[in-house]
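So for the sequence shown, UniProt numbering puts the first residue at 1; every next one is plus one.
Every residue, glycine too, gets a C-beta built ideally from N, C-alpha and C.
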Amino acid sequence: MKIRTKIQSYSSLFLSVMLILLSIIVLIAFLWISVERERDLLEDKASLIEENILTKDLISGDPDLMEPYTPDDGMVRIFGTDGRLVKSFTDEEDLEGLEVKSINEKGFDFSKADGDYVLTYRYAYPEEGKKLGMIEVTQPQDTLLENLSTLALVLGGASLFVILLSIFAGKWLANLILKPISIMSGTMMDIEKSGEFKRIPLSDQSKDELQVMGVSFNRMIERLERNYNRQQQFLSDASHELKTPITVIESYSSLLKRWGMKDEAILEEAVEVIHHEAIRMKQLTEHLLQSASQSEPSKDIEGKVELISFCEQIAQTLRRTANREIKIQSEFKEIYAMAISSKLEQVLVILLDNAMKYSESDIQILINRRANEIFIGVKDQGAGISPEHLPHVFERFYRVDSSRARKTGGNGLGLSIARTLVESFGGKLEIQSEVGEGTLVTITLSHQILI
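Given below as structure tokens:
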């Protein structure tokens, strides 16, 4: 059974039971109050008759004298001490056949007279402590029963109307309560079918439990989406970042296979480079795992780096593996800075790799120092980037030329990763390019310079 049907059924059933109980209570209360009123009326009549039965000679006198003391449509009978009927006063022949009770039976009595219900009150009247007889006052209860039937009919009709109204109200209430749940269910099914992360539209006016559940659901979706994107980013970054050291290791291992055993210098260089790239791969893997995890990444330690020799070492490795000329240009013989060497090397490898992909001529690494800033630029003589693409080149997966990207194997992640790394150690990454003139990507370090 659907929740909507349960709400309608249970609410209508509960209201029906409550209305039936209420109607029964009202009918019982009405009957009890009415009977009590009738009893008080008959008791007052009997007391009045007792007060006047001897003084006004009601028993032996004219029946008209008894008329003020006789209830409307009712009957008064007076019995003697021996139980004989002394006198009867009534205009209703149906009441005359009422069974005569023993005069010792006192109090009230419900009985039937010719098929109609009557209420009878018996009262013993004494004179100076001596019992003389019994006064019996009888009143038909047709009006009481008619009023009771009318009240039952009114209560039944009103209850039926309220129950029918409750069915529609239950439907409206079910729709009101279940609307947010239906939206959540629909959103979940859309997520299951499309595989997209969607949020439940919420109203700021509502502050109930369903609103809290909707907010919790949206938070959960945001967290799932964030983790999914982090996983996708991890896979993309891993494939991009690990490609270069794997290529270097592959190139030097091939070099070793061909010439390394015969040339001791090549053997030593190849072993050194392979060892260096293996260490870098390990560091890259650690960084990628940290970026994919939800915990805070470990703090990288800055160290004193001589930038010219540092860049020359990276260039030498890429010269050998890519068979390309990479020149180092600087006005200074040495430039020292506090930097995170692993991240800086990762950035330079990305920039040099891009330059080699999109340029056939020599590549330059420009290192300079002005005031408290150090500039490391990677310049190529390639086709350059048009002005409309420049603002977007640091966006993830953005590629200036998709056909060229397919040819070179690019996926639009390199510059985005590079900028993230540079910003992580407080630097800036800027790009300048002209179509047909080439591209210059500059790393600006703002750390304290060591001379």
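**Asked** By how many angstroms is the C-alpha of ASN175 removed from the C-alpha of HIS392?
**Response** Cα-Cα distance, rounded: 48 Å.
**Prompt:** By DSSP, does PHE14 sit in helix, in strand, or in coil?
**Reply:** PHE14 carries a helical assignment under DSSP once its states are collapsed to helix, strand and coil.
**Asked** Can you tell me the Cα-Cα spacing of MET213 and ILE177, whole angstroms?
**Response** One C-alpha to the other measures close to 13 Å.
**Prompt:** By Cβ distance below 8 Å, which residues in the same chain neighbour residue 527 in space, the five residues on each side in sequence not counted?
**Reply:** Nothing can be reported for residue 527: it is not among the residues displayed for the chain, which extend from 1 to 451.
**Message:** Three Cβ pairs or more, each shorter than 8 Å: is that satisfied between the stretch 109-124 and the stretch 41-50?
**Reply:** As far as the Cβ criterion goes, the stretch 109-124 touches the stretch 41-50, which means the pair count is three or higher.
**Message:** Quick check on this structure: which residue in GLU136, THR444, LEU255 has the alpha carbon closest to the alpha carbon of residue 463?
**Reply:** With the chain represented from 1 up to 451, any question about residue 463 goes unanswered, as that position is not in the structure.
**Message:** Let's test the definition: count the other Cβ atoms within 10 Å of the Cβ of ASN354 and tell me whether it reaches 16, buried, or not, exposed.
**Reply:** Taking all protein chains shown into account, ASN354 has 16 or more neighbouring C-beta atoms within 10 Å of its C-beta and is therefore buried.
**Prompt:** Near ILE279, which residues of its chain fall below 6 Å by C-beta distance, leaving aside the five closest residues on each side in sequence?
**Reply:** Setting aside the 5 residues that flank it on each side, ILE279 has no residue in the same chain whose C-beta is closer than 6 Å to its C-beta.
**Prompt:** Which residue or residues does DSSP assign as beta-bridge partners of ILE135?
**Reply:** ILE135 is bridged to ILE78, TYR123.
**Item:** Residues that PRO140 bridges to, as DSSP identifies them
**Value:** PRO140 is bridged by DSSP to VAL118.
**Request:** Could you tell me which of THR439, GLY436, THR444, PRO180 sits nearest to ARG419, measuring between CA atoms?
**Result:** Considering only alpha carbons, the answer is THR444.
**Request:** Starting from LEU445, follow its DSSP beta bridges and name the residues at the other end.
**Result:** According to DSSP, which records beta bridges pairwise, LEU445 is partnered with ILE374.
**Asked** Looking at C-beta atoms only, is the number of pairs between the stretch 321-339 and the stretch 355-372 that lie closer than 8 Å three or more?
**Response** Yes, since at least three Cβ pairs between the stretch 321-339 and the stretch 355-372 fall closer than 8 Å, the two stretches touch.
**Message:** On a Cα-Cα basis, can you pick out the residue from VAL162, GLU437, GLU312, THR5 that is closest to MET18?
**Reply:** Comparing Cα-Cα distances from MET18 to each of VAL162, GLU437, GLU312, THR5, the minimum goes to VAL162.
**Message:** How far does the beta strand (DSSP E) with TYR358 in it extend, from its first residue to its last?
**Reply:** TYR358 -> no beta strand (DSSP E), and no H or E assigned at all.
**Prompt:** How big is the Cα-Cα spacing for THR408 and ARG258?
**Reply:** Residue placement at THR408 is poorly supported in this model, since its pLDDT is 47, which falls under 50; the coordinates still yield a value, given next. Straight-line Cα distance between these residues: approximately 27 Å.
**Item:** Environment of PRO387 [buried if 16+ CB atoms lie within 10 Å]
**Value:** By the neighbour-count rule (16 or more Cβ atoms within 10 Å), PRO387 is not buried but exposed.
**Asked** When DSSP labels each residue in this structure, what does ILE365 get in the three-state scheme?
**Response** ILE365 sits in a strand when the DSSP states are folded into three classes.
**Request:** Pull up the distance between the alpha-carbon of ALA169 and that of GLY156, whole angstroms please.
**Result:** One C-alpha to the other measures close to 19 Å.
**Asked** Who are the near neighbours of GLU225 in its chain, counting only those whose CB is closer than 8 Å to its CB and skipping five residues on each side?
**Response** Once the five neighbours on either side are set aside, the close Cβ partners of GLU225 are PHE197.
**Start-to-end residues for the alpha helix (DSSP H) that takes in LEU202** = Taken as a continuous stretch (DSSP letters only), LEU202 belongs to no alpha helix (DSSP H), as it is neither H nor E.
**Message:** Quick check: the Cα distance between TRP32 and LEU164, rounded to an integer number of angstroms?
**Reply:** Their backbone Cα atoms lie some 30 Å apart in a straight line.
**Item:** PHE394 vs SER416 beta-carbon contact at 8 Å
**Value:** Closer than 8 Å, so yes.
**Request:** Could you give the DSSP three-state label for VAL435: helix, strand or coil?
**Result:** In the three-state scheme derived from DSSP, where H, G and I count as helix and E and B as strand, VAL435 is classed as coil.
**Item:** Which residues DSSP lists as bridging SER88, in chain order
**Value:** According to DSSP, which records beta bridges pairwise, SER88 is partnered with ARG77.
**Item:** CA nearest to the CA of GLU269, picked from PRO180, ARG320, GLU67
**Value:** Among PRO180, ARG320, GLU67, the Cα nearest to that of GLU269 belongs to ARG320.
**Nonlocal neighbours in the same chain, by C-beta distance under 6 Å from GLU434, ignoring five residues either side** = Counting only Cβ-Cβ distances below 6 Å, and skipping sequence neighbours, we find GLY384.
**Prompt:** How many angstroms separate the CA atom of SER424 from the CA atom of SER253?
**Reply:** Rounded to whole angstroms, SER424 to SER253 spans 33 Å at the Cα level.
**Asked** Going by alpha carbons, who is nearest to GLY382 out of GLY436, THR143, LEU390?
**Response** Distances from the alpha-carbon of GLY382 to those of GLY436, THR143, LEU390 put GLY436 closest.
**Asked** Below 8 Å, can you find three or more Cβ-Cβ pairs linking the stretch 79-94 to the stretch 15-30?
**Response** These segments do not touch.
**Residue burial classification, TYR69 (beta-carbon count within 10 angstroms, cutoff 16)** = The residue in question, TYR69, is buried, as its Cβ has 16 or more Cβ neighbours within 10 Å.
**DSSP three-state assignment for SER23, whether helix, strand or coil** = Reduced to three states, the DSSP call for SER23 is helix.
**Prompt:** DSSP on ILE335, reduced to helix/strand/coil?
**Reply:** ILE335 sits in coil when the DSSP states are folded into three classes, being neither helix nor strand.
**Message:** Judging by CA-CA distance, which residue of LYS379, SER239, SER342, VAL441 is the nearest neighbour of LEU390?
**Reply:** Per the Cα distances, VAL441.
**Selected residue, minimal CA-CA separation from LEU98, among PRO140, LYS45, ILE191, LEU256** = Per the Cα distances, PRO140.
**Request:** Classify PHE168 as helix, strand or coil using the three-state DSSP reduction.
**Result:** Correct three-state label for PHE168: helix.
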